[in-house]
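A short worksheet on the structure shown next.
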Amino acid sequence: MIDNLLEKEIKRYISNYESKIEDVESLLTNLKSLKLRGVEIGHDALNCHTRSQLYAQKNAYIQASADFDSLLDYLETFKQEKNYE
46 MIDNLLEKEI KRYISNYESK IEDVESLLTN LKSLKLRGVE IGHDALNCHT
96 RSQLYAQKNA YIQASADFDS LLDYLETFKQ EKNYE
């Protein structure tokens, strides 16, 4: 029972993490596309909407990293509590 719950929790964290990585990859693809079309990527060149998207996706990536770190901490605690080696 505990192993099933742990497996579900791990899958949820991994899915969330992968989703955030996809968001960042999408952002990078969009920025490369803009650059290829000759748009200079700089603070003044980006419009407000694009800057807010960039910040939102950056923050999502930071949150995903924190979630992944939390998962690792959780697994380590679980291992210690159950004496898994």
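Taking my numbering, the leading residue of the sequence shown gets 46, the next gets one more, and so forth. Backbone N, C-alpha and C define an ideal beta-carbon position, used for all residues, glycine too. Bear in mind that the values here come from a model prediction, so they are computed numbers and not experimental data.
Option nearest residue i by Cα separation, candidates the options
{"i": "Ser110", "options": "Lys53, Asn61 and Glu121", "result": "Asn61"}
{"i": "Asn75", "options": "Glu121, Leu99, Ser115 and Glu63", "result": "Leu99"}
Buried or exposed (CB count within 10 angstroms, at least 16 for buried), residue i
{"i": "Lys53", "result": "exposed"}
{"i": "Lys77", "result": "exposed"}
{"i": "His88", "result": "Caution applies to His88, whose pLDDT of 49 falls short of 50 and renders its modelled position unreliable; the value that the coordinates give is listed next. Exposed, because fewer than 16 other Cβ atoms sit within 10 Å of the Cβ of His88."}
CB-CB length for residue i against residue j, believed under 8 Å
{"i": "Leu50", "j": "Phe123", "result": "Not quite, the Cβ-Cβ distance comes to about 10 Å (not below 8 Å), so this is no contact."}
{"i": "Tyr58", "j": "Asp112", "result": "6 Å"}
CB contact check: residue i to chain C, cutoff 8 Å
{"i": "Gln98", "result": "Among the chains in the structure shown there is no chain C, since it carries only a single protein chain."}
Contact under 8 Å by Cβ, residue i with residue j
{"i": "Asp68", "j": "Gln108", "result": "no"}
{"i": "Tyr106", "j": "Lys65", "result": "yes"}
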